[in-house]
Amino acid sequence: MPETIHLDALVLGGGIAGLWALRTLRERGAGVILLEARAIGGGQTVASQGIIHGGVKYALGGAASRASRLIADMPARWGESLAGNAFPDLSGARVLSDACTLWTGGGVGSRLMGLAASKAIRVRPSRLDASERPPPFDRAPSGVDVYRLDETVLDPCSLVRALAEPVLDAIFSGDPRVRTPRLERTDEGVVCTIVDAGGNELRLVPRHLVACAGAGNEQIARDLGLETEVRMQRRPLHMVLARKPAGADLPRIFGHCVGAGSKPRLTITSGDSGGRTVWWIGGQIAENGVDRSREEQIAETLAELRAVLGWVDLEGIELATVRIDRAEGFMPDGSRPDEPVIRSVGRVHICWPTKLAFAPIVADRVSELVGEPEHPQPMIEAEPPPFAPPPWAIDPSSHEEIAWTDARSAGQA
């Protein structure tokens, strides 16, 4: 006979939303287990740029949107956790920068100054004089306006560890290469049956199923026969990595280049790879690059870097590209949702946080849906899944090593 464990909640997916939900439910005394199919934090979480947005990015069109208003409270809430003053204690997460830099050419700065006066934006850009600018913007030519934006940038991998390590005893590997999880709806509700390589069965019977599996939510809904009630959309990105050869280095940048459009031309954050700075590049270049080949995206990114960071030495730069699927709750017009999306069908809750910064809101809402605990925390002896590496180590989509291209060999020197 298979072992049966009754739970208050079964969380599927070990990204930022699933981990925050797990921590919140455990804090309330709920009996909860999280299943992760591959690696903790894998997929969209480690592929994020780690910026705790405060709304300016979403108000570049000239007015504060619903998204910018909803996200306005997030920097303060995250800040309390990062300082260790609020639950969950995230003081172990590595803060890469306590602010972002906005830089722009002439004519766009007036829009940022208008945003700075907006009452709907709590984290407002402040213009920096030449003597106040951080490197490499201290060497920017005249005509480049530079602003400081008090939005924290986190290392996603250390953030994942800070959330997961206190509750590793509740994180269980659902890797189909090791064991086969099977979801079904029964008279008991949703049952998850896990069969390991030895044929041993474990039945998990939760009062509530909480799916936070990103793109995997689509298959979960299908497995439960909910594909008509719960729909997902994908908004893909073609992200770019950049680094210098060994012995040289790029300056560390955390920020957005603002152009005439409603989205940043480039968003750059910086990580570390064997002592070398790696730029992780998103923004409009990543959205517009979805239909480009790898070679075309590299060429386009080089042209953009030269256009917006022309005073930075890019000699010998090496680039790579990574394709990321942003999974979100369905919107009829295909646009980005303004807030987290939770679709509930009975006691099945399928969640998309929309943005990293919204993870606390997802956890709050899930906690309300699950209600008062009825089951104790089970003890399961099993190795948790590994932690996902950063995207410049292993491609989070293909799970293969990153292929770098020297700009000179690509004919772009």
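Position in the sequence shown (from 1) plus 392 gives the number in our numbering.
The beta carbon of each residue, even a glycine, is placed where N, CA and C say it ideally should be.
The count of Cβ pairs closer than 8 Å, one atom from the segment 711-722 and one from the segment 630-642, reaches three, so the stretches are in contact. Ile-690 sits in a helix when the DSSP states are folded into three classes.
The C-beta distance from Leu-426 to Ala-603 rounds to 11 Å, too long to fall under 8 Å, and the pair is not in contact. Rounded to whole angstroms, the separation of the alpha carbons of Gly-663 and Glu-760 is 36 Å.
The three-state secondary structure of Phe-479, taken from DSSP, is coil. With contact defined as three or more Cβ pairs closer than 8 Å, the segment 460-472 and the segment 739-756 are in contact. Secondary structure of Met-624 (DSSP, three-state): strand. For Thr-396, the closest C-alpha among the options Ala-785, Ile-772, Ala-613, His-600 is that of Ile-772. The C-beta distance from Pro-598 to Leu-414 rounds to 13 Å, too long to fall under 8 Å, and the pair is not in contact. Put simply, the segment 572-585 does not touch the segment 777-790. Fewer than three CB pairs are less than 8 Å apart.
Among the bridge pairs identified by DSSP, Pro-573 is matched with Ile-586.
Here DSSP, grouped into helix, strand and coil, assigns Trp-470 to helix.
Counting along the chain, Ser-550 sits inside the alpha helix (DSSP H) bounded by residues 548-556.
Between Ala-749 and Ile-444, the beta carbon gap of about 5 Å places them in contact (Cβ cut-off 8 Å). Contact between Leu-658 and Val-700 holds, with the beta-carbon distance rounding to 6 Å and staying under 8 Å.
Membership of Glu-419 in the alpha helix (DSSP H) is indicated by the continuous run 408-419.
Measuring C-alpha to C-alpha distances from Gly-667 to each of Gln-441, Gly-639, Ala-475 identifies Gly-639 as the nearest.
A contact between stretches requires three or more CB pairs, one per stretch, nearer than 8 Å, and the segment 520-533 fails this requirement with the segment 544-551.
The Cβ neighbour count for Ser-473, taken over all protein chains shown within 10 Å, is at least 16; the residue is labelled buried. Closest in C-alpha terms to Gln-676, from the list Arg-469, Cys-649, Pro-777, comes Cys-649. In the DSSP assignment, Leu-761 falls within the alpha helix (DSSP H) that extends over 751-762. Residue environment for Pro-768: exposed (fewer than 16 other C-beta atoms within 10 angstroms of its C-beta). According to the DSSP assignment, Val-740 belongs to the beta strand (DSSP E) that extends over 740-744. Excluding five sequence positions before and after Val-740, the CB atoms of its chain that fall closer than 7 Å to its own CB belong to Val-582, Leu-601, Leu-616, Leu-618, given in chain order. Between the C-alpha atoms of Leu-411 and Thr-746 there is a straight-line separation of about 15 Å. Beta-bridge analysis with DSSP links Glu-593 to Val-587. Close CB contacts of Glu-428 within its chain, under the 7 Å cut and outside five residues either way in sequence, are with Gly-405, Gly-406, Ile-563, Ser-565, Gly-566, Pro-777 (chain order). Only residues of its own chain outside the window of five on either side were considered, and among them Arg-623, Met-624, Gln-625 have a CB closer than 7 Å to the CB of Phe-722, listed in chain order. Looking at Gly-763, Lys-655, Val-670, the one whose alpha-carbon comes closest to that of Asn-680 is Lys-655. In this structure, Glu-775 is the residue among Glu-775, Asn-477, Trp-796, Pro-765 with its C-alpha nearest to the C-alpha of Ile-432. Shortest Cα-Cα distance from Asp-641 to any of Val-670, Ile-660, Ala-652 involves Val-670. Put simply, the backbone Cα of Ala-799 is about 28 Å away from that of Val-538.
Taking a contact as a CB-CB distance under 8 Å, the pair Arg-757 and Arg-627 does not count as one, their CB atoms being some 22 Å apart. The three-state reading of DSSP puts Thr-437 in helix, counting H, G and I together. The shortest C-alpha to C-alpha distance from Leu-706 to any of Arg-635, Gly-606, Asp-530, Gly-738 is the one to Arg-635.
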